[in-house]
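**Q** In the UniProt record's numbering, the protein residues as written are 1 to 296.
The beta-carbon is built from N, C-alpha and C at its ideal position, and this holds for glycine as well.
Mind having a look at this structure? Questions to follow.
Spelled out as structure tokens, the structure:
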């Protein structure tokens, strides 16, 4: 009896031992199964992320396409450029001849405005300086501008100090014409200088004399004056050099001329100032008569 009970106890112990050894195997199998399940879940999560990203990109492209189509339907075309990670560098471009000409024209307009302000006759707007390409300029804008441009009664101090002027004529304003440059002479109205010419002993009985001419910078030039004793007198010999020295151009340059008696020498002299405006054509007789009524 005791032997049988002992035998059962030994058998039961063996079963417990075998069960103990089998449990780790089951646990390891469960772990492997769980790990495999996690890998599958992670893979499915990655796939879901890719699907979501792909769907977002597709939606964004469709929105861009719809936006471009909407702009095109409005009559304009806009190309949406996505930002790039690379920075594009553009090489500097040289100006074309047309662009250079336009830049020079803009500079001329700015210079004209500044010079107009210097003479206290600022134009209402820069458009008064625009000239149409006709044979001559007969625009009302030019007429308005030139009639407002009034020269001072005496030459500026940069030319000669007023204490050296004893008598002085009224100023003569004139546009430099093509004939003034190419014919090498400047014609001036005699009536404006009549009183000084009649009182000048140097001019009596002579058709040509040499006078001192003060340029825009105050430099003195010797120029011959021819007097026809009728309507005008002309600056002849020496005038061409004067044009070259001061780079006078036809149409765009305007000169103001004063005749005066020098206080120290008592001789008849001339003072010439110049201003450059953005004119490309000679002004019409209508404008000349109205703007420079005392100059002809």
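Residue 138 lies in the alpha helix (DSSP H); which residues open and close that run?
**A** As a first step, residue 138 is located in the chain shown; it is residue number 138 there, counting from the start. First-last for residue 138: undefined, no H or E at that position.
**Q** Can you give the Cα-Cα distance for residue 220 and residue 162, rounded to whole angstroms?
**A** Your numbering for residue 220 matches position 220 in the chain shown. Your numbering for residue 162 matches position 162 in the chain shown. So the two alpha carbons sit approximately 16 Å from each other.
**Q** Output the distance between the C-alpha atoms of residue 282 and residue 178, rounded to the nearest integer angstrom.
**A** To locate residue 282, count along the chain shown from 1; it is residue 282. To locate residue 178, count along the chain shown from 1; it is residue 178. Straight-line Cα distance between these residues: approximately 9 Å.
**Q** So, using beta-carbon positions, are residue 233 and residue 196 closer together than 8 Å?
**A** Position 233 of the chain shown, counting from 1, holds the residue named residue 233. Position 196 of the chain shown, counting from 1, holds the residue named residue 196. 8 Å or more divides the Cβ of residue 233 from the Cβ of residue 196.
**Q** Measure the Cβ-Cβ separation of residue 218 and residue 242 and say whether it is below 8 Å.
**A** Numbered from 1 along the chain shown, position 218 holds the residue referred to as residue 218. Numbered from 1 along the chain shown, position 242 holds the residue referred to as residue 242. Not a contact, by the Cβ cut-off of 8 Å.
**Q** State the beta-bridge partners of residue 261 as determined by DSSP.
**A** As a working note, residue 261 is residue 261 in the chain shown. According to DSSP, residue 261 bridges with 167, 268.
**Q** For residue 291 and residue 169, what's the separation of their Cα atoms in angstroms?
**A** On the chain shown, residue 291 is found 291 positions in, with the first residue counted as 1. On the chain shown, residue 169 is found 169 positions in, with the first residue counted as 1. Each residue's Cα considered, the two are about 18 Å apart.
**Q** Would residue 276 pass as a contact of residue 251 if the rule is Cβ separation under 8 Å?
**A** Reading the chain shown from its first residue, position 276 is the one you call residue 276. Reading the chain shown from its first residue, position 251 is the one you call residue 251. Not a contact, by the Cβ cut-off of 8 Å.
**Q** With residue 179 as the anchor, note down where its alpha helix (DSSP H) starts and where it stops.
**A** Start at 1 with the first residue of the chain shown, and residue 179 comes out as number 179. Looking at the DSSP string, the run of the alpha helix (DSSP H) that includes residue 179 is 178-182.
**Q** Using the Cβ count rule (16 or more neighbours within 10 Å means buried), how would you classify residue 95?
**A** Within the chain shown, numbered from 1, the residue matching residue 95 stands at position 95. Exposed: under 16 other Cβ atoms inside 10 Å.
**Q** Let me know if residue 208 comes out buried or exposed under the rule of 16 or more other beta-carbons within 10 Å of its beta-carbon.
**A** If you number the chain shown from 1, residue 208 lands on position 208. Under this definition residue 208 is an exposed residue.
**Q** Can you tell me whether residue 271 is buried or exposed, with buried defined as 16 or more other CB within 10 angstroms of its CB?
**A** Here residue 271 is taken as the residue at index 271 of the chain shown, counted from 1. Buried, by the Cβ-count rule.
**Q** Between 97, 152, 167, which has its C-alpha nearest residue 194's C-alpha?
**A** Sequence index remark: in the chain shown, residue 194 carries index 194 (1-based). Among 97, 152, 167, the Cα nearest to that of residue 194 is on 167.
**Q** Pull up the CB-CB distance for residue 176 and residue 255, whole angstroms please, since I reckon it's below 8 Å.
**A** Here residue 176 refers to the residue found at position 176 when the chain shown is read from its first residue. Here residue 255 refers to the residue found at position 255 when the chain shown is read from its first residue. About 6 Å separates the two Cβ atoms, so the contact holds.
**Q** Rounded to the nearest angstrom, what separates residue 289 and residue 249 at their Cα positions?
**A** Your numbering for residue 289 matches position 289 in the chain shown. Your numbering for residue 249 matches position 249 in the chain shown. Residue 289 and residue 249 have their C-alpha atoms roughly 22 Å apart.
**Q** Can residue 180 and residue 287 be called in contact, C-beta distance under 8 Å?
**A** By 1-based counting over the chain shown, the position of residue 180 is 180. By 1-based counting over the chain shown, the position of residue 287 is 287. Residue 287 is positioned such that its CB atom lies no closer than 8 Å to that of residue 180.
**Q** Output the distance between the C-alpha atoms of residue 285 and residue 211, rounded to the nearest integer angstrom.
**A** For the purposes of this step, residue 285 is taken as residue 285 along the chain shown, with counting starting at 1. For the purposes of this step, residue 211 is taken as residue 211 along the chain shown, with counting starting at 1. If you take the alpha carbons of residue 285 and residue 211, they lie about 30 Å apart.
**Q** Closer than 8 Å by C-beta to residue 213: which residues in its own chain qualify, once you throw out the five before and the five after it? Chain order, please.
**A** If you number the chain shown from 1, residue 213 lands on position 213. Closer than 8 Å at the Cβ level, and outside the excluded window around residue 213, lie 220, 221, 222, 223, 235, 238, 242, 269, 270, 271, 272.
**Q** Going by beta carbon distance, what residues of the same chain come within less than 8 Å of residue 158, once the five residues before and after it are set aside?
**A** Within the chain shown, the letter at position 158 stands for residue 158. Excluding positions up to five away in sequence, the list reads 216, 217, 218.
**Q** To the nearest angstrom, how far is it from the Cα of residue 267 to the Cα of residue 185?
**A** The residue labelled residue 267 in the question sits at position 267 within the chain shown. The residue labelled residue 185 in the question sits at position 185 within the chain shown. Here the alpha carbons of residue 185 and residue 267 stand approximately 22 Å from one another.
**Q** In this structure, what does DSSP give as the bridge partners for residue 189?
**A** Position 189 of the chain shown, counted from the start, is the residue given in the question as residue 189. Per DSSP, 232.
**Q** How is the beta strand (DSSP E) around residue 301 delimited, first residue to last?
**A** In the structure as shown, the chain starts at 1 and stops at 296, and residue 301 therefore has no counterpart that could be examined.
**Q** When the Cα of residue 192 is compared with those of 153, 165, 246, 164, which residue comes out closest?
**A** Taking the chain shown and counting its residues from 1, one reaches residue 192 at position 192. Considering only alpha carbons, the answer is 153.
**Q** Using the three-state DSSP reduction, which class does residue 331 fall into: helix, strand or coil?
**A** The structure shown does not extend to residue 331, since the chain spans only 1 to 296, so no value can be given for it.
**Q** How is residue 222 classed by DSSP in three states: helix, strand or coil?
**A** Within the chain shown, numbered from 1, the residue matching residue 222 stands at position 222. Strand.
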